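Contents: one structure, followed by commentary.
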Amino acid sequence: GNSVTQMEGPVTLSEEAFLTINCTYTATGYPSLFWYVQYPGEGLQLLLKATKADDKGSNKGFEATYRKETTSFHLEKGSVQVSDSAVYFCALSIQGAQKLVFGQGTRLTINP
Amino acid sequence: DAGITQSPRHKVTETGTPVTLRCHQTENHRYMYWYRQDPGHGLRLIHYSYGVKDTDKGEVSDGYSVSRSKTEDFLLTLESATSSQTSVYFCAISGEVTKNIQYFGAGTRLSVL
């Protein structure tokens with residue numbers, strides 16, 4: 011089956027620290043991969059995506075590279091800000107399918 | 057929230073009562089989804105719709121039903137609410153071309169006492 015596993019949270023960092031949130035997946039086909047972010051009291055919003063192996067998605071200083079050989083899509087940011095505090099979800103969809111499969115989410119807190 | 061309105065935003069109800077949550081979109085998107093969000097589980101798909109009167113079950117559909125009589129509205133009904141259905145419910149939509157990019161509403165927090 012299709013599944014997504016994220017690193018356990020919560021994660022607490024100081025401002026300007028380097029961030030990595032690990033995400034690995036299992037898929038029966040060739041998935042597209044996504045990171046969604048949920049700010050407090052809001053719904054999820056798409057942060058970045060990658061549709062094929064070796065693609066790099068990027069947005070707002072965040073990056074993630076689709077690694078087929080390690081079935082991973084780790085989220086990174088070089089210097090986090092307090093405003094990055096949120097819950098981050100890794101997700102996949104199989105090509106041609108409209109359903110998303112989400113990881114369990116990782117809560118990130120950035121302290122000033 | 058990409059033209060998606062969920063109502064109500066908060067609801068407290070008693071075990072055994074029926075509850076209907078509404079999702080309304082102004083984007084004319086074909087696909088609509090209902091998820092529930094619980095700690096440690098991420099988001100789990102309850103039901104989804106791929107057009108008017110066309111719906112299908114997700115991974116946690118037991119105890120829930122849906123209806124879509126118009127493109128813009130997707131209703132989620134708990135026929136007889138149970139405490140295990142206490143959760144935050146999110147509606148999402150996606151379009152025909154980029155169907156795997158979903159846009160989410162702000163959520164409905166439901167407490168079943």
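Which chain is which? The protein sequence lines are A and B, in order.
Per the working numbering, residue 11 is the first one in the first sequence, and the count goes up by one each step.
Per the working numbering, residue 57 is the first one in the second sequence, and the count goes up by one each step.
Don't be surprised by glycine CBs; every beta carbon is placed ideally from N, CA and C.
Predicted, not measured: the structure shown is a model, and the values here were computed from it.
- Coarse secondary structure for A/Val21, derived from DSSP in three states: Looking up residue 21 of chain A in the first sequence gives position 11. Three-state result, A/Val21: strand.
- Query: Among residues of its own chain, excluding the 5 on either side of A/Lys87, which ones have a beta-carbon nearer than 6 Å to its beta-carbon?
  - Reply: Taking the first residue of the first sequence as position 1, residue 87 of chain A is located at position 77. Counting only Cβ-Cβ distances below 6 Å, and skipping sequence neighbours, we find Leu29, Gly71, Phe72.
- Query: Taking just the CA atoms, how far does A/Gly51 sit from A/Leu23?
  - Reply: Your numbering for residue 23 of chain A matches position 13 in the first sequence. Your numbering for residue 51 of chain A matches position 41 in the first sequence. Distance between the alpha carbons of A/Leu23 and A/Gly51 is about 21 Å.
- Sequence-distant residues of its chain with Cβ nearer than 7 Å to B/Ser121 (five each side left out): Position 65 of the second sequence holds residue 121 of chain B. Answer for B/Ser121: Thr133, Glu135, listed in chain order.
- Query: Below 7 Å between beta carbons: does that hold for B/Val168 and B/Thr76?
  - Reply: Counted from its first residue, the second sequence places residue 168 of chain B at position 112. Counted from its first residue, the second sequence places residue 76 of chain B at position 20. Contact: no.
- With a CB to CB cut of under 7 Å and the five nearest residues on each side skipped, what residues in its chain are close to B/Ser123? Locating residue 123 of chain B in the second sequence gives position 67, where the first residue counts as 1. Excluding positions up to five away in sequence, the list reads Leu131.
- Roughly how many whole angstroms lie between the Cα atoms of B/Pro64 and A/Asp64? As a working note, residue 64 of chain B is residue 8 in the second sequence. As a working note, residue 64 of chain A is residue 54 in the first sequence. Straight-line Cα distance between these residues: approximately 42 Å.
- Query: Nearest CA to the CA of B/Val144: which residue from B/Thr138, B/Thr154, B/Leu166, B/Glu152?
  - Reply: Position 88 of the second sequence, counting from 1, holds the residue named residue 144 of chain B. Among B/Thr138, B/Thr154, B/Leu166, B/Glu152, the Cα nearest to that of B/Val144 is on B/Leu166.
- Using a Cβ cut-off of 7 Å (strictly closer), state whether A/Glu125 contacts chain B. In the structure as shown, chain A begins at 11 and stops at 122. Residue 125 of chain A is therefore absent and cannot be evaluated.
- Sequence ranges, beta strand (DSSP E) only - wholly within the region 33–58 of chain A, length at least 3: 33–36, 41–48
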